[in-house]
Amino acid sequence: MAISYGVARLAYEPFSGRGRTGNTTGDAMAMGRFRTLIGSVLLALPTGIAAAQSEVHLADDTILGPTSPAPTGSRPVLFVHGHNLLSASDADFNYRKNWFEPNGQTSFKAAIDAPANAWLDIEPYFIRFGPQNRSIVEDAREIGDAVERILARHDPNHQPFASNPSTAARVAIVAFSKGTISSRLYLKSLHEQQYDLPAPRPGFNPISEFVALSPPNHGLASGTAAAFSLALKQLNNGHREDCTTYLLDGAESLDFIELLNGHPIEDTAAAPFGVHPGEAPGSRANGAAVADGTLYVSLYADAERDLVGGNEPSGDCQGRIVAANLAANAVNIAVPAIPGGNGAAVHDNTPHTPEVICLALSAIVHHRAPPDGSACVVSGGIPLIPPRAAVVLALDVSGSMLSSACAACDPKLAVLQDAAELFIQLWSVSAGPADRLGVVRFGTDVTMFELDGDAMLPVSSANIQAIADGIGALATVPTNLTAMGGGLQRAIELLDSGLAAVAPERHVVLFTDGMQNANPAVVSVDDSPPPGTSHLEIDHHPGWPSSNVAPTQPPTRLDPGLGVTVHTIGVGASMPFMEMLAAVSGATNGTSRFTLAPDDDLREYFVEEVIESLRGHSPQLVAYRRGAMKDDAASQRFELGTSARRLVMMLSWRRGEHLHFRVERDGVDLTEAGRIVEGAFYRIFALDLPALVGGTVVEPQGTWSMEVSGRPGIGYEAAAIVEEPSLEYEVRIDRVATVGTPISIAVTLARDGLPIGDAERVVARVYKPGESLGNLLASHPSPTEPAGFSLEGASAAQRKLHLLLRDDAIQQAIRPVAASVTLAGDGQGNYRGSFADTTTPGAYRIAIEIEGNDAVLGHYRRTDGVSTLVRFGRTLLAASELRLVRRGPVAGGERLELELRPTDAFGNRLGPDY
């Protein structure tokens, strides 16, 4: 079963002056008292003392100690339990009740232990606090000790509480109820001195994510139970329900929550609450790199059903009982699915609710909060954590794929196999371990690649190799038709199944080399009125043979509501079919790429599709370059910025040759530090950053070089891909233009949401087609078909085009002509320009190059490429050929036909297939 969360997210507006409620007399008095309290505390702070020994339990419930075995998971997560009201000494082990026991639903422990979630690679740690009623400061102290010991277990070079720690390891924290406040106090102590906790160490923030479940972020107003517990008094902000102060323990509990949050507690007495950065110290923006700070995510019941409150004012005299975290970077998610008939029951049920567990673990493993509308599959009561992304390659294996794109070229099927294998291997090092990949093949019929009955496979070495082997075994026969609509429908169905159905990013990469000619097909349906409106769907085309796929009822409609993005790659296709592919991608917010020279372009296109299919998770193309070995060594250099968190380098060459490369950063060989993937015609290097190499932390910023070795004369293609979510860019290009009208090109550039208005260079390299296909087909005679030539089901124009492209002179005539357009910036991160020389209809390749220096990122460079179409213009009758042709006698007369060869004002002929 798939569950949609329907979560509600909060964004808080800056505070504006207003009166307050409670036992203060106004803003000035409240702020004055707050500043006095802060000042008195800071004056009394010591420099920090050693942490107390914490009791930390492992996954098997043994206690972490010097003889504990090495961890089996690479992702450490510390679980911090809530307050135990039933036992002041925690004799009944509250951590087990919070994290191990199902409480009528399920548990985090059960979810982590589920075989389907093994890919999470979580190494869980469960802290246990003994005395429950002591100061929360002591809990924070033990959390700090636990984190240091966990870091040392995952990085043996880490020395706990060292003054200058250099570990690259990170720990995530999931906390419940009171444990969220203990954890927040620890997090705050990493950045500024708190009580007598260990002193902050500059630059040290080992917490990657902090997920707070049912957090009393602005305090409680509990009753008589607090009278016997210092911890509960602190959660009450040192005040009773009527806002009078406690006498016993008053000095230790007074304004505890207010001091933790860093602003007057009455700020939440009435809306708007304002934005308060002190509630998330050291935080990073959602989607930013882990190195940028801690991701704060709060999960609690919707509609203020939890005793800790929710998003709205509670009416409390101090403004307590609001669960939302009011920092700008904090993500607040109100979850409707948490059951319970009263506030206490809802509170207790929160850490056992499958939806909450799914959201929490998703945030940790994906390093970002789940997007709005996220869903989770629940199997046997256990939530299965969804992948980040799922993609299906829908590949044309029609008979025309046996032909080559030029006389000296390899068969298109062989070129496709190599490009698709590169995609698969780059996907394997760029995607998350749970991300799904599938392959659909379409000729006359449609088939799927399956492994043990599964067609959507998670990332693993075995699965990737099996898919690559399946790509290598692709075959076809000359009589195969092109059931493109059936292949696309099957790909969409795969993305609507299993865990792929709940992936936030779902993509199809559709590759084909010619006109569809078997059912079901992608068809355009007239929606007028108003005139000219239409939509695309997958349905039967009259008169065409059928494949083994039947259209859905109602037919699958291709539009943004599909929830699947379709990217199209067209090879050697005539203009009408390129227009259809552009319409498919445009209807689903995808991209299109076209080429008449797949031997030259297809590998690059599939590398770019890796970027597109993971666009929501920040892989970006630094550069894609072509070169040739002049002697036995070559070097390609790439500059990386400060916030890059993964680097992937790829080198490919022609089959039958061999090249090798090593990776250096600023002259230091780091090849052995990364993961290497090698094939018969490629070598890939991947490294997560920052990296710990030989006890030294390797930061991303600097010059990274690919030092290539091999026989002189070998041509190669080299690429560098980086994950650097702090750098954000978007390219917008007219999808379809008409001859004579400029192509508009726009780029927006930002760093962590802030516009970058001073980029050094934003350039569009435009590759304009040489001779148009319409003129090519109209002005050249049809070549003689060689023996055995077969393009089953192809139109006469498609057959002629395939034959013409084998002529070297034709290849030279259609070769694209390059031009550059510098995009002008407005100082606000927007760069615009246009390409006016659009006198030739056809596919225009546009490559965007972005380069600059930023005070935070350092030097950056990015490349992005896409195709757009320029259509035939308005027919100019004076330039068009018009003739009357006698077709022979008919009953009572003679049959005459009026023939028109449409030509536009630029001398372009429309050509066939319309």
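Residue numbers (our numbering): 545 to 1458. Glycine residues also receive a C-beta, built at the ideal position from the N, C-alpha and C atoms.
{"Query": "Could you have a look at Met1119 and say whether DSSP puts it in helix, strand or coil?", "Result": "helix"}
{"Query": "Would a C-beta distance cut-off of 8 Å place Val1365 and Val1307 closer than the cut-off?", "Result": "yes"}
{"Query": "Closer than 7 Å by C-beta to Phe1182: which residues in its own chain qualify, once you throw out the five before and the five after it? Chain order, please.", "Result": "Val1166, Ala1167, Trp1248, Ala1264"}
{"Query": "When the Cα of Val1310 is compared with those of Ala658, Arg1219, Leu1401, Ala1362, which residue comes out closest?", "Result": "Ala1362"}
{"Query": "If I measure Cβ to Cβ from Thr724 and keep anything under 6 Å in the same chain, skipping five residues before and after, which residues do I get?", "Result": "Ala756, Pro759"}
{"Query": "Below 7 Å, is the gap between the Cβ of Arg1198 and the nearest heavy atom of the ligand FAD?", "Result": "For the ligand FAD, the structure offers nothing, since it holds no ligand at all."}
{"Query": "Alpha carbon to alpha carbon, how far is Glu1153 from Glu1049? Give it in angstroms, no decimals.", "Result": "13 Å"}
{"Query": "At which residues does the alpha helix (DSSP H) containing Ile656 begin and terminate?", "Result": "652-657"}
{"Query": "Considering Cα atoms alone, identify which of Asp699, Leu1038, Leu1345, Asp811 is closest to Gly1457.", "Result": "The sequence as given places Asp at residue 1457; Gly does not occur at that position. Taking only the C-alpha atoms, the option nearest Asp1457 is Leu1345."}
{"Query": "Return the chain-ordered ranges of every alpha helix (DSSP H) run that is complete within the region 947-998 and spans a minimum of 4 residues.", "Result": "956-974"}
{"Query": "Report the option in Thr1026, Gly617, Ala1357, Pro1064 whose CA atom is closest to the CA atom of Leu1321.", "Result": "Ala1357"}
{"Query": "Here's the rule: buried if 16 or more other CB atoms are within 10 angstroms of the residue's CB, otherwise exposed. What is Ser633?", "Result": "exposed"}
{"Query": "Counting along the chain, where does the beta strand (DSSP E) carrying Asn830 start and finish?", "Result": "No beta strand (DSSP E) holds Asn830; DSSP gives it neither H nor E."}
{"Query": "Where does Ala1129 sit, in a helix, a strand or coil, going by DSSP?", "Result": "Sequence inspection shows Ser at residue 1129; the Ala mentioned does not correspond to that position. Note: Ser1129 maps to helix in three-state DSSP."}
{"Query": "Does the Cβ-Cβ distance between His1111 and Leu1054 come in under 8 Å?", "Result": "yes"}
{"Query": "What residues in its chain sit with their C-beta under 7 Å from that of Thr1292, if we drop five residues either side in the sequence?", "Result": "Tyr1273, Glu1274, Gly1373, Asn1374"}
{"Query": "Report, in whole angstroms, the separation of the C-beta atoms of Ala1331 and Leu928, which I expect to be a contact under 8 Å.", "Result": "Not really, about 56 Å apart at Cβ, beyond 8 Å."}
{"Query": "Express the C-alpha separation of Arg1418 and Gly1277 in angstroms, rounding to a whole number.", "Result": "It should be pointed out that residue 1277 corresponds to Ile in this sequence rather than to Gly. In a straight line, the C-alpha of Ile1277 is about 22 Å away from that of Arg1418."}
{"Query": "Just verifying my parser: in three-state terms, what is the DSSP assignment at Asn1063?", "Result": "strand"}
{"Query": "Let me check one thing: in DSSP terms, what residues is Glu1251 bridge-paired to?", "Result": "Ser1179, Arg1206"}
{"Query": "Return the first residue and the last residue of the beta strand (DSSP E) that Ser1364 is part of.", "Result": "1361-1366"}
{"Query": "Have a look at Pro883, Pro615, Asp665, Ile687 and flag the residue whose alpha-carbon is nearest the alpha-carbon of Glu599.", "Result": "Ile687"}
{"Query": "So what's Ala756 in DSSP terms, helix, strand or just coil?", "Result": "strand"}
{"Query": "Would Ala1047 and Arg932 qualify as a contact pair, given that the criterion is a beta-carbon distance under 8 Å?", "Result": "yes"}
{"Query": "Tell me the rounded alpha-carbon separation between Leu729 and Ala958.", "Result": "60 Å"}
{"Query": "Can you tell me where the beta strand (DSSP E) holding Ser679 begins and where it ends?", "Result": "Note, Ser679: premise wrong, no beta strand (DSSP E); not H, not E."}
{"Query": "Cutting at 7 Å between CB atoms, please list the residues of its own chain near Asn1092, excluding the five before and the five after it.", "Result": "Asp989, Val990"}
{"Query": "So what does DSSP say about Gln1164, is it helix, strand or coil?", "Result": "strand"}
{"Query": "Under 8 Å between the Cβ atoms of Asn780 and Ala770?", "Result": "yes"}
{"Query": "Do the region 1135-1153 and the region 1404-1413 touch if we need at least three Cβ pairs shorter than 8 Å?", "Result": "yes"}
{"Query": "Enumerate in chain order the residues of its own chain whose CB-to-CB distance from Tyr1149 is below 6 Å, with the five nearest sequence positions on each side excluded.", "Result": "Ile1113, Arg1137"}
{"Query": "Asn749: buried (16+ other C-beta within 10 angstroms of its C-beta) or exposed?", "Result": "buried"}
{"Query": "Whose C-beta lies closer than 6 Å to the C-beta of Val841 among residues of the same chain, with five residues either side of it excluded?", "Result": "Val755, Val875, Ala907, Ala913"}
{"Query": "Quick check on His1403: does DSSP put it in helix, strand or coil?", "Result": "strand"}
{"Query": "So, at 8 Å on beta carbons, what are the nonlocal neighbours of Ala1368 in its own chain, with the 5 sequence-adjacent residues on each side left out?", "Result": "Tyr1375, Arg1376, Gly1377"}
{"Query": "Count the other CB atoms, across all protein chains shown, that sit within 10 Å of the CB of Gly854; report buried if there are 16 or more and exposed otherwise.", "Result": "buried"}
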